[in-house]
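Numbering of the sequence shown is given in my numbering, commencing with residue 53 and proceeding in unit increments. What follows is a single structure, written as structure tokens, with notes after it.
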Amino acid sequence: MVKNLTIGLFVIITITLLIFGHSQWKKAKIAESELNRVKQIVKEQQKIGEFEKKLADKQTERLQKCEKKNQELELKLALKN
Numbered sequence: 053m054v055k056n057l058t059i060g061l062f063v064i065i066t067i068t069l070l071i072f073g074h075s076q077w078k079k080a081k082i083a084e085s086e087l088n089r090v091k092q093i094v095k096e097q098q099k100i101g102e103f104e105k106k107l108a109d110k111q112t113e114r115l116q117k118c119e120k121k122n123q124e125l126e127l128k129l130a131l132k133n
């Protein structure tokens, strides 16, 4: 009788631990998935930042070329007058 109760209690505890362990494993998998998603978003944001920096550099370069050309034209105009 005591042996059967002990075995039954052992089975119940084992099943409970398995269920609890599985739920913890499932939560860990969900957390890992969320972490990977956040890492991907961060990588995409970094790529966007790099692109924006390159774009700003190109715009600055174009502006400098335009200003230089404008100065040259103003100088030519001043020399003509």
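Don't be surprised by glycine CBs; every beta carbon is placed ideally from N, CA and C.
In the displayed model, asparagine 133 falls within coil according to three-state DSSP, outside both helix and strand. A straight line joining the alpha-carbon of lysine 105 with that of lysine 121 spans about 24 angstroms. Leucine 131 has its alpha-carbon roughly 59 angstroms from the corresponding atom of glutamine 92.
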